[in-house]
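Chemist: Submitted below is the structure of interest, expressed as structure tokens.
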Amino acid sequence: MSALLNPQPSVSQSTPTAEVLEAFRRQANLNSLAVLDDDARPCGIVHRHSLSEALLKPFGTELFARKPISRLMSSDFLAVEVSQSLQQVSRLLTSRARQRIEEDFIITSNGTYLGLGRVIDVLKLITEMKIQQARYANPLTLLPGNVPIQQCLTRLLQQGRASMICYVDIDSFKPFNDIYGYARGDEVLLCLAQCLNDRIDPARDFVGHIGGDDFLMVLGFDDWERRLKTLLDDFQNQCRRFYRAEHLEAGCFIALNRQGQRQEFPLLSLSIGVVHLHEESCTLVDASQLADLASQAKHFAKDVAGASIHVIDSTRLDLLMQA
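For the sequence shown, numbering that gives the first Met the number 0 puts the final residue at 322, and the numbers step up evenly by one.
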């Protein structure tokens with residue numbers, strides 16, 4: 000929200016209405032003024048159009064000019080924390096049926112007034128973000144591709160946000176494609192994309208498609224392990240519909256390996272490499288290095304037969320970067 004912050008002046012509840020009107024007259028581009036209580040916390044908002052309507056009524060100016068602005072302020076306002084994401088604020092705005100596009104909302108830090116934000120600016124940024132996501136989306140799954148993934152990782156490092164970076168890979172996918180064909184393989188990728196979307200909170204988390212059968216998720220600390228374990232089980236259960244009966248019964252299928260030899264492969268499963276990123280590690284790596292660490296963790300997970308999760312801790316970056 001800091002990019003949308005306009006550090007506009009505010010008024011107190013006791014400020015005479017005439018002074019507020021004068022402030023609007025002096026600043027033609029001022030649409031709203033936040034009204035603060037004695038602790039500098041927002042308790043209301045005054046919009047230019049609302050104040051004008053009230054004072055244009057018969058005897059409006061005579062009745063209210065000397066009265067405190069608390070008599071005319073609106074208590075129905077939106078206040079958001081500067082730390083909230085653009086997506087969170089957009090959802091809050093769209094859920095408010097009475098929020099007009101020309102009105103402002105209040106931005107706070109730990110409840111204390113910082114400034115105002117414009118609804119139109121939020122809508123513009125959301126539109127630009129959707130256009131960019133569509134431009135760089137994977138054509139099959141429509142998930143964000145490598146450019147948005149890099150931007151996401153760069154953003155969380157800049158914000159110093161502790162996160163779980165999860166590199167997701169499908170085991171036995173190449174031989175599965177060789178046996179069942181690429182059309183069926185695409186169905187598996189779409190299935191995984193849906194499973195990943197089901198495990199994330201769009202307001203806090205992120206999922207992207209690196210390419211092929213490689214995906215990347217960014218999760219918060221809350222309940223991440225249970226969510227990943229549920230993902231492993233959910234994916235394997237969902238994939239049962241893709242196999243021939245004999246392969247499902249045998250629990251494996253035979254295909255040519257990379258050396259051109261016949262080999263038995265287990266049914267599809269997921270290997271997930273996880274980087275436990277701590278705040279203090281955010282200044283020690285860039286987005287590419289962070290993605291490489293997640294890939295490294297994924298390789299460790301693939302060394303284990305079947306569905307598996309391998310976690311590496313960013314507090315040991317000195318050892319990990321040398322590996």
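All residues carry an ideal CB built from backbone N, CA and C; glycine is no exception.
In this text, all values refer to a predicted model and were calculated from it rather than measured experimentally.
1. Cβ atoms of Ala290 and Gln149: under 9 Å apart, would you say?
2. When you compare only the Cα positions, how much space is there between Arg70 and Ile105?
3. Of all the options Val45, Asn137 and Phe214, which has the alpha carbon lying nearest to the alpha carbon of Cys165?
4. DSSP three-state label for Met72, please.
5. How long is the line joining the alpha carbons of Leu29 and Arg47, rounded to whole angstroms?
6. Just mark Ile119 as buried or exposed, buried being the case when its beta carbon has 16 or more other beta carbons within 10 Å.
7. Who are the near neighbours of Leu156 in its chain, counting only those whose CB is closer than 6 Å to its CB and skipping five residues on each side?
8. Taking 6 Å as the limit between beta carbons, can you name the residues of its chain near Phe205, skipping five residues before and five after?
9. For Val14 and Ile68, I'd like the C-alpha separation in whole angstroms.
10. What would DSSP say about Leu142, mapped onto helix, strand or coil?
11. Would you tell me roughly how many angstroms separate the C-alpha atoms of Asn196 and Ala306, rounded to the nearest one?
12. Less than 6 Å between C-beta atoms, sequence neighbours within five positions excluded: which residues of the same chain meet that for Arg198?
13. For Phe264, I'd like the list of residues in its chain whose CB is within less than 7 Å of its CB, leaving aside the five on either flank, ordered along the chain.
14. Would you list the one or two residues that DSSP bridges to Asn5?
15. Let me know if Gly259 comes out buried or exposed under the rule of 16 or more other beta-carbons within 10 Å of its beta-carbon.
16. Determine, using beta carbons only, whether Ile271 and Leu292 come nearer to each other than 9 Å.
17. With 9 Å set as the bound, which would you pick, yes or no: does the beta-carbon of Asp221 sit closer than that to a beta-carbon of chain D?
18. Would Gln158 be called buried (16 or more neighbouring beta carbons within 10 Å of its own) or exposed?
19. Compare the C-alpha of Phe220 against each of Val273, Val19, Arg65 and Thr93 and name the closest.
20. Relative to the alpha-carbon of Tyr242, which residue among Gly211, Cys190 and Arg183 has its alpha-carbon at the smallest distance?
21. Would Cys4 and Leu91 qualify as a contact pair, given that the criterion is a beta-carbon distance under 9 Å?
22. In chain order, what residues of the same chain lie with their CB nearer than 6 Å to the CB of Ser294, ignoring the 5 residues before and after it?
23. Ignoring anything shorter than 3 residues, give me the beta strand (DSSP E) runs that lie fully in the segment 8–45, in order along the chain.
Modeler: By the coordinates alone:
1. Along the sequence shown, one-based indexing puts residue 149 at 150. Along the sequence shown, one-based indexing puts residue 290 at 291. Yes. Within cutoff.
2. Working through the sequence shown from its first residue, we reach residue 70 at position 71. Working through the sequence shown from its first residue, we reach residue 105 at position 106. The straight-line gap from Cα to Cα measures roughly 19 Å.
3. Indexing the sequence shown from 1 puts residue 165 at position 166. Selected option, being the one with the closest Cα: Phe214.
4. As a first step, residue 72 is located in the sequence shown; it is residue number 73 there, counting from the start. Met72: coil per DSSP, three-state reduction.
5. Taking the sequence shown and counting its residues from 1, one reaches residue 29 at position 30. Taking the sequence shown and counting its residues from 1, one reaches residue 47 at position 48. For Leu29 and Arg47, the gap between their C-alpha atoms comes out near 8 Å.
6. Here residue 119 refers to the residue found at position 120 of the sequence shown. Per the 10 Å Cβ criterion, exposed.
7. Locating residue 156 in the sequence shown gives position 157, where the first residue counts as 1. Taken in chain order, the residues that qualify are Cys281.
8. The count along the sequence shown starts at 1 and reaches residue 205 at position 206. Cys151 and Val217.
9. By 1-based counting over the sequence shown, the position of residue 14 is 15. By 1-based counting over the sequence shown, the position of residue 68 is 69. Reading off the sequence shown, one finds Thr at residue 14, where the question assumed Val. Distance between the alpha carbons of Thr14 and Ile68: 6 Å.
10. If you number the sequence shown from 1, residue 142 lands on position 143. Coil at Leu142, not helix or strand.
11. Residue numbering aside, residue 196 sits at position 197 when the sequence shown is read from its first letter. Residue numbering aside, residue 306 sits at position 307 when the sequence shown is read from its first letter. So the alpha carbons of these two residues sit roughly 19 Å apart.
12. Position 199 of the sequence shown, counted from the start, is the residue given in the question as residue 198. Excluding residues within five positions, the ones whose Cβ falls inside 6 Å are Arg226 and Leu230.
13. Counted from its first residue, the sequence shown places residue 264 at position 265. Only Ser171, Pro174, Cys251, Phe252 and Ala254 meet the Cβ criterion.
14. The count along the sequence shown starts at 1 and reaches residue 5 at position 6. According to DSSP, Asn5 bridges with Leu115.
15. Mapped onto the sequence shown, residue 259 falls at position 260. Exposed, since its Cβ has fewer than 16 Cβ neighbours within 10 Å.
16. Here residue 271 refers to the residue found at position 272 when the sequence shown is read from its first residue. Here residue 292 refers to the residue found at position 293 when the sequence shown is read from its first residue. Cβ atoms of Ile271 and Leu292: not closer than 9 Å.
17. In the displayed structure, chain D is absent; only one protein chain is listed.
18. Position 159 of the sequence shown, counting from 1, holds the residue named residue 158. When all chains shown are included, Gln158 counts as exposed.
19. As a working note, residue 220 is residue 221 in the sequence shown. Of Val273, Val19, Arg65 and Thr93, the residue nearest in Cα terms is Val273.
20. The count along the sequence shown starts at 1 and reaches residue 242 at position 243. Answer by Cα proximity: Arg183.
21. As a position in the sequence shown, residue 4 is number 5, starting the count at 1. As a position in the sequence shown, residue 91 is number 92, starting the count at 1. The displayed chain sequence assigns Leu, not Cys, to residue 4. It is not a contact, given that the beta carbons lie outside the stated cut-off.
22. Counting from one through the sequence shown, the residue named residue 294 turns up at place 295. If we look at Ser294 and ignore the five residues flanking it on each side, its Cβ neighbours are Tyr166.
23. 9–11 and 31–35
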